[in-house]
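Working notes, structure below.
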Amino acid sequence: MLSAAVMILGKDLRLRLRDRSVWLFALVVPLGLTFLFSSIFPETEAIGLRAGVVDLDGGQAAAGFVDGVLPTLIDEGIVTEVQLGDLEDARERVRAGDVGAVWIFPAGFSDAVVSESDARIEVLVSAGQAVPGELARQVADAYARRIEQIGLALAVHGEVTGGPVDPVLMEAVANAAGRQEALITIADQAAVGGEPLDAVSYLAAGMAAFFVFFVVQFGITGLLEERSLGTLPRLLAAPIPPGAIQLGKLLVAFVLGLASMTVLALASSWLLGARWGPAAGVAILIVALVVAALGVMSLVAVFARTAEQAGNYQSIVAIVLGMSGGVFFPLPDDSGPLRLLTTSSPHGWFLRGMNELSTSGSWSVALPAAGAILLFALAAALPAVMIQRRRSAW
Amino acid sequence: MEAVLRCEGLRKAFGAIQAVDEVGFTIAEGETYGLLGPNGAGKTTSISMIAGLLRPDAGRIHVAGELMTPRAVGAKAAVGLVPQDLAIYPDLTARENLHFFGRLQSMSRSAVRRRAEEVLEVIGLTDRADDRASGFSGGMKRRLNIGIGLLHRPQLLILDEPTVGVDPQSRNAILGSVETLADEGLAVLYTTHYMEEAERLCDRIAIVDQGRIVAEGTRRDLIARVAERDLVRLHVTGDAAEAAAACEQLPAVTSVDAEGDEVVCLVDGAAAALPSLLAAVAATGATVAGVEVRGADLEDVFLELTGRALRD
């Protein structure tokens, strides 16, 4: 049975490689779209902040930020420091978009910390830089919380000693606040060793996932094509188990799907600089997605009478699943209808798995997503097999 | 002589339609057996069961002594099928087509290579062996279609209407090839609705109509049934059906069929009956524009047995 299936695989691959459409779907179009989209949206999601500080306070609490927190953010590559003049200069440059955000320590900030009154860090954010702006706010909030704790500690010290705060003590405590580790989450992620998928990598993975559902059609609709070519009776009359023909067609779909995704992963890495993450994890996700594509497209094909009809049905399903999985642009990964949408598509789970591979750096984090994708495969393949068996002519 | 093919009581229905009804026959080594009947008579359904593509509702088929079923690998290896529709891959070359189907017949690579060259020679495609079939003429595609069926040296070759849509030259070449194969000892099952092909090729003929074999025998046996009769074909202007009904009333007329402007009668002694036939047609108000009279052949047998003319 297997040898006959392999013969059919060899024949079909030869035919497919002579057919230009398989090259288009498997390589040219997805790679072209990845390049196109990544050119249109160059690194729009990258978090890089051009920022500066206006210190109107001149006290120890502001110095803790300037001398402690800011250098850490610069070292991590999160912030590029911009030297600013006075407050008016800062406002002008933020308005012009030259600077993404400015932390302003108002006059009397340090005194307010010690006296437990309202110590507030102001943040100016440039319009159109939402993500860097949010980052600047988080940094300010985190530093304000630490300063608040310090203020409380100093107040307690004053009550205990019954006198004013020792300036030397105040400086030591402020420096300690500035030296503390990681004010924001991004610093933690970077320290572990990975970052979320960048735009090019996301698009490359999305396009590969999207088009593999088209590529497997070349195998899945093979039986219908044999029928329309008139060759099916001759295959059925050959001294081979009838199941070998179906197995051969599934092998064609599997090999084409696997080859398409692998070549796209390699080509997008070399040509576009996409980062696909640890090879073992990527391989697991790719195999799972190809198997899901086989299952889903087999189910769709059993409702068609001709190869053309099957192709039309399958294209509709591939587009709907791809769009709901967020292959063209990332959908927000929070609770609610959009999250439900991405989890209702193998594409969404594939991209989720890719993202986790990228942030974690360990192949094993791909397993939950791969498992979810394989559930799609099973849910589609079982009814497809049952329907096919019932309809089978032999 | 040992029968290569033995069919007994074959029946197959598709819903309410009884496509094949109690069909049975045998074919011996070196014998060419024809299934002659109009389109829709059940020939292709019978062949599909014999080749193992369809499971019969009832009856048994033995090929080379083995029971044929859709999973009977041994029985299938003894059969070479040439389907009515072309069964070749247009984007493969003639040689690649032969190699692929040869390998599916469990032939070794070297055996396939050798045999493919022989078959290409037989079907006259050696010069075009490495051209894709998509560039072939209809006749060349038909020849390749037959060549694939011959490749593994089957004991039984099934040819389902192999000359449909073929030019006269290719048709003659195909018929010549079938004669040669039968001379070499191959058992051939040949379906056609062309009477002259059945007459030329077949040692025995089964006349099939509405899923049943209505007569079987050699050409001589079958024609003997209507030996004293002539076929009279009248081209009429007017109501052909009414003219046919009038002809049917004449005692010399044994069978009548009408289609379009033609009335076809099987007549005992055409020379004596012709005046009364013309008079009967004239009495209906129709006029006879032409008359054709000839001796009995298989078409007359079909008309005699079914009451209908055997048409293309």
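So the protein lines, in turn, are chains A and B.
The first sequence begins at 19 in my numbering and counts up one residue at a time.
The second sequence begins at 12 in my numbering and counts up one residue at a time.
For every residue, glycine included, the Cβ atom is placed at its ideal position computed from N, Cα and C.
Proximity winner among the options, relative to residue i (alpha-carbon distances)
i	options	result
S380(A)	Y331(A), T249(A), W294(A), R407(A)	W294(A)
L303(A)	N330(A), V143(A), A395(A)	A395(A)
D214(B)	A184(B), F25(B), A39(B), E19(B)	A39(B)
L309(B)	R231(B), L192(B), V274(B)	R231(B)
Y205(B)	V177(B), A83(B), A193(B), L192(B)	V177(B)
G51(B)	E259(B), E33(B), T203(B)	T203(B)
L277(B)	Q260(B), G271(B), A293(B)	Q260(B)
E243(A)	M19(A), P124(A), D30(A), A298(A)	D30(A)
E166(A)	D129(A), G343(A), G313(A)	D129(A)
Q116(B)	P257(A), F53(A), V131(A), F231(A)	P257(A)
L49(A)	F231(A), L282(A), V383(A)	L282(A)
L392(A)	G237(A), L307(A), S376(A), S342(A)	L307(A)
V141(A)	S135(A), A162(A), V131(A)	A162(A)
G103(A)	P89(A), D93(A), A79(A), L74(A)	L74(A)
G313(A)	L91(A), S133(A), A336(A)	A336(A)
G53(B)	E172(B), T229(B), V275(B), E13(B)	E172(B)
A390(A)	F53(A), T52(A), M404(A), V305(A)	V305(A)
A311(A)	S246(A), A398(A), T280(A)	A398(A)
Residue interval of the alpha helix (DSSP H) (run including residue i)
i	result
F229(A)	217-233
G301(B)	No alpha helix (DSSP H) contains G301(B), which is instead part of the beta strand (DSSP E) from 298-306.
W121(A)	Looking at the DSSP string, W121(A) is not in any alpha helix (DSSP H); the run it does join, the beta strand (DSSP E), is 119-123.
V312(B)	309-317
E190(B)	179-194
R245(A)	240-247
V112(A)	105-114
Y331(A)	325-342
A283(B)	281-294
V308(A)	297-319
M118(B)	No alpha helix (DSSP H) contains M118(B), which DSSP labels as neither H nor E.
I26(A)	20-36
N- and C-terminal bounds of the beta strand (DSSP E) containing residue i
i	result
Q264(A)	Premise fails: Q264(A) lies in the alpha helix (DSSP H), 260-290, not in any beta strand (DSSP E).
H73(B)	69-74
S356(B)	The shown model of chain B, from 12 to 323, leaves out residue 356(B), and the question about it has no answer.
I169(B)	167-171
A24(B)	14-25
F36(B)	28-39
H365(A)	Where H365(A) is concerned, there is no enclosing beta strand (DSSP E), although the alpha helix (DSSP H) it sits in stretches over 364-378.
H110(B)	Counting along the chain, H110(B) falls outside any beta strand (DSSP E), though it belongs to the alpha helix (DSSP H) covering 105-115.
V219(B)	215-220
G70(A)	67-73
Y44(B)	43-47
A226(B)	223-228
L142(A)	140-143
G91(B)	90-93
A198(B)	198-203
V243(B)	240-248
T98(A)	97-99
For residue j and residue i, believed in contact at Cβ under 8 angstroms, the rounded distance
i	j	result
F25(B)	A217(B)	Wrong, their Cβ atoms sit about 21 angstroms apart, outside the cutoff.
S286(A)	A222(A)	4 angstroms
G70(A)	A108(A)	7 angstroms
A30(B)	G306(B)	Between G306(B) and A30(B) the Cβ distance is about 34 angstroms, and since that is not below 8 angstroms, they are no contact.
V302(B)	L212(B)	Not quite, the Cβ-Cβ distance comes to about 31 angstroms (not below 8 angstroms), so this is no contact.
L161(B)	V199(B)	L161(B) to V199(B), Cβ: 11 angstroms. No contact.
L339(A)	S363(A)	5 angstroms
T149(B)	Q180(B)	Just to set this straight, residue 149(B) is Gly in the shown sequence, not Thr. Incorrect: roughly 11 angstroms between the Cβ atoms, too far for contact.
D32(B)	R17(B)	Not confirmed; about 18 angstroms, so no contact.
A80(A)	F127(A)	6 angstroms
I169(B)	V90(B)	6 angstroms
P67(B)	M60(B)	5 angstroms
L67(A)	A154(A)	6 angstroms
- Query: Is the number of C-beta pairs between the stretch 265-275 of chain B and the stretch 237-253 of chain B that are closer than 8 angstroms three or more?
  - Reply: yes
- Message: For the stretch 252-271 of chain A against the stretch 361-368 of chain A, do three or more pairs of beta-carbon atoms, one drawn from each stretch, fall closer than 8 angstroms, so that the two count as touching?
- Response: no
- the stretch 262-288 of chain A: which residues have C-beta closer than 8 angstroms to a C-beta of chain B, in chain order? none
- Is the stretch 152-160 of chain B touching the stretch 92-110 of chain B, taking contact as three or more C-beta pairs under 8 angstroms? yes
- Message: Count Cβ pairs between the stretch 31-47 of chain A and the stretch 250-266 of chain A that sit closer than 8 angstroms; are there 3 or more?
- Response: no
- Contacting positions in the stretch 53-79 of chain B - beta carbon closer than 9 angstroms to chain A: S59, A62, G63, L64, L65, R66
- In the stretch 25-41 of chain A, which residues sit with their C-beta less than 9 angstroms from some C-beta in chain B, listed in chain order? M25, I26, G28, K29, R32, L33, R36, D37
- What residues from the stretch 112-124 of chain B come within 9 angstroms of chain A, judged by C-beta to C-beta, listed N to C? F112, R114, L115, Q116, S117
- Are the stretch 121-139 of chain B and the stretch 83-100 of chain B touching, with three or more C-beta to C-beta distances below 8 angstroms? no
- Identify each residue in the stretch 219-249 of chain A for which the Cβ-Cβ distance to at least one residue of chain B is less than 8 angstroms, and report them in chain order. L247, G248, T249
- Message: For the stretch 92-104 of chain B, list every residue whose C-beta sits within 8 angstroms of some C-beta in chain A, in sequence order.
- Response: L92, P94, D96, L97, A98, I99, Y100, P101, D102, L103
- Examine the Cβ distances between the stretch 66-83 of chain B and the stretch 233-242 of chain A and report whether three or more of them are shorter than 8 angstroms. no
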